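Residue numbers (our numbering), protein chains in the order written: chain A, 678 to 848; chain B, 678 to 848. Taking it in order: structure first as structure tokens, then the write-up.
Protein chains: 2
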Amino acid sequence: MAWLINQQYFRDKLQFGPGGETGAVNEMVRHTFERTGANILGKRMFDQGEVSWPEEAPFHTPVYVLTHEKREPWVRPGGTTFYFINEGPERALELARAAAGERDIRISGGADVIQQYLTLNLIDELEIALAPVLFGAGRRLFENLGETASQFRIDSVLNGTHATHLRYVRA
Amino acid sequence: MAWLINQQYFRDKLQFGPGGETGAVNEMVRHTFERTGANILGKRMFDQGEVSWPEEAPFHTPVYVLTHEKREPWVRPGGTTFYFINEGPERALELARAAAGERDIRISGGADVIQQYLTLNLIDELEIALAPVLFGAGRRLFENLGETASQFRIDSVLNGTHATHLRYVRA
């Protein structure tokens, strides 16, 4: 994640202090954040964030968390409210669409949730930051896909120092 | 593999006829072939090639095939001779080094063989053609790695229409 933490826009959003890169990768991050009107998260990613995000969580939109847990909405300062959705990914998307208006919906992860939406054939664009780090273990992004998953084509590629930013769109 | 079959240099090498792209990707393919003095292959990849390569196999170097099968060298027209090595990846590399002279050794695949050399910490460079094709099944390049596997950094990235050409070097 070093590439992201070094971007000026992201540092500003998370109140990490001044400085940071201001080039094409920073503009890509800004564009992604600004066009997002609602976010969808998996429970595992939410659990990690709940203990590590700053008070002002870095979404500034409604966030729909896919979970079996029943919980009242959690309102954070700065425009982020987490809603806990027990009725599955299509219901979360429906709520996110209504909230996002003209803006886009970002499925922020983790891998499980992205795989569910890929299999449902509901993903129009994939933005992937690819870094050459061999973990040797862990969850893979593109597994557990049903045969209904869409195919994609390359839309654009941005070459960063520490990551390659792949933008794929539905073919 | 569409990206490769469309390159002028590759078409010429495999006697696929005239035409093909002549840009930066073509130059990358030429550079990779020209600097290679010996190839190493796995048995599974060899078996596939044995029934599909043209008479003049597309290596034009000695090729060391890792296998448990005992077999005499197989000489093809155009400078390709296949040697069948039963003594493991380090012995194959030793023979390839002696044959390659000042040129480089290419581990052409498949995934199993690349993983063995990664785990042995013997790979200096990775050249990966990444295409957005979701197979949903199959062998993965970066799995079964031992903890001794090296880490890599981005050296260069070349953006093709159908594939992104990542060149990583040992960090």
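Ideal Cβ positions, reconstructed from N, Cα and C, are used throughout, including at glycine. Quick caveat, the model's predicted, so the values are computed rather than measured.
Asked, Found
"What is the rounded straight-line gap between the Cα of arginine 768/B and the Cα of threonine 758/B?", "17 Å"
"In chain A, which residues lie with their C-beta within 8 Å of the C-beta of alanine 826/B?", "Leu811, Gly813"
"So isoleucine 782/B is in the beta strand (DSSP E); what residue range does that whole segment cover?", "781–786"
"If distances are taken between C-alpha atoms only, which option among Ala701/A, Gln685/A, Glu704/A, Leu718/A comes closest to proline 695/A?", "Gln685/A"
"Please tell me whether histidine 737/B and asparagine 763/B are closer than 8 Å, where the distance is taken between their beta carbons.", "no"
"Distance cutoff 8 Å, beta carbons only. Does tyrosine 845/B sit that close to anything in chain A?", "yes"
"For tryptophan 680/B, write down the residues that DSSP places opposite it in a beta bridge.", "Answer is none; tryptophan 680/B lacks a bridge partner."
"With 8 Å as the limit, tell me which residues of the region 733–767 of chain B have their beta carbon closer than that to any beta carbon of chain A; keep them in chain order.", "none"
"Which partner residues of valine 810/B appear in the DSSP bridge assignment?", "DSSP output for valine 810/B lists no bridge partner at all."
"Here's a check: name, in chain order, each residue in its chain whose Cβ is nearer than 7 Å to the Cβ of proline 731/B, leaving out the five neighbours to either side.", "Leu691, Gln692"
"Short of 7 Å in beta carbon distance, which residues of its chain neighbour arginine 830/A, apart from the five on each side in sequence? Order them along the chain.", "Tyr845, Val846, Ala848"
"Between asparagine 836/B and chain A, is the shortest Cβ-Cβ distance under 8 Å, so that the two count as touching?", "yes"
"Excluding the five sequence neighbours on either side, which residues of its own chain have a C-beta within less than 8 Å of the C-beta of arginine 817/A, listed in chain order?", "Ala788"
"Look up proline 754/B in the DSSP assignment and say whether it is helix, strand or coil.", "coil"
"Scan the region 712–740 of chain A and note each continuous beta strand (DSSP E) run of 3 residues or more that stays entirely inside, going in chain order.", "713–719"
"Is it true that the CB of proline 739/A sits closer than 8 Å to the CB of alanine 776/A?", "yes"
"Spell out the partners DSSP gives serine 833/A in its beta bridges.", "Arg844/A"
"Suppose you measure from the CA of isoleucine 805/B to the CA of glutamate 749/A; what does that come to, to the nearest Å?", "47 Å"
"Spatial neighbours of valine 834/A within its chain, please: CB distance less than 8 Å, with the 5 preceding and 5 following residues excluded, ordered by chain position.", "Thr841, His842, Leu843, Arg844"
"Measure the CB-CB distance between alanine 773/B and asparagine 798/B and report whether it falls below 8 Å.", "no"
"If the criterion is Cβ atoms closer than 8 Å, does the pair isoleucine 784/A and isoleucine 791/A meet it?", "yes"
"Taking the alpha-carbon of asparagine 810/B as reference, which of Glu824/A, Gly719/A, Ala808/A, Phe812/A has the nearest alpha-carbon?", "Note that residue 810/B is valine in the sequence shown here, rather than asparagine. When only C-alpha atoms are compared, the closest one is Glu824/A."
"Kindly indicate the opening and closing residues of the alpha helix (DSSP H) around phenylalanine 687/A.", "685–690"
"Could you spell out the range, first to last residue, of the alpha helix (DSSP H) harbouring alanine 776/A?", "766–777"
"CB phenylalanine 786/A to CB leucine 681/A, shorter than 8 Å?", "First, the residue type needs correcting, since residue 786/A is glycine and not phenylalanine in the sequence shown. No, they are not a contact pair."
"Here's a check: name, in chain order, each residue in its chain whose Cβ is nearer than 7 Å to the Cβ of aspartate 801/B, leaving out the five neighbours to either side.", "Val846, Arg847"
"Could you work out which residue in Tyr741/A, Phe761/A, Val752/A is closest to leucine 770/A when comparing CA atoms only?", "Tyr741/A"
"With distances taken Cα to Cα, identify the nearest neighbour of asparagine 836/B among Val702/B, Arg753/B, Met678/B.", "Val702/B"
"Cα separation between arginine 707/A and asparagine 716/A?", "15 Å"
"With a cut-off of 8 Å, does the C-beta of leucine 818/B fall near any C-beta of chain A?", "no"
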